[in-house]
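Student: Please find one structure pasted underneath; my questions will follow.
In my numbering, the protein residues as written are 580 to 651.
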């Protein structure tokens, strides 16, 4: 998939657990796990805004576009 989700990296940098992020955003921890694994088709802008606000980052810190076949 060309969109890479780096939420796990940002959580590690901020020393925050998925459970804590989920509680602060107001979504289920399972949904945070699905987002971290990239198993979602999309993310609501309001959810992305809350994530960025809590983690003090930009959307580009969490989401990355990498065309198919291009390595990291």
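A virtual CB, placed ideally from N, CA and C, is assigned to each residue, including glycine. In this text, all values refer to a predicted model and were calculated from it rather than measured experimentally.
Spatial neighbours of residue 601 within its chain, please: C-beta separation below 8 angstroms, excluding the five flanking residues on both sides.
Tutor: 607, 608, 610 and 611
Student: How would you label residue 584, buried or exposed, when you count the other beta carbons within 10 angstroms and need 16 or more for buried?
Tutor: buried
Student: Going by C-alpha to C-alpha distance, which of 592, 628, 642 and 639 sits closest to residue 603?
Tutor: 628
Student: Cα separation between residue 581 and residue 632?
Tutor: 25 angstroms
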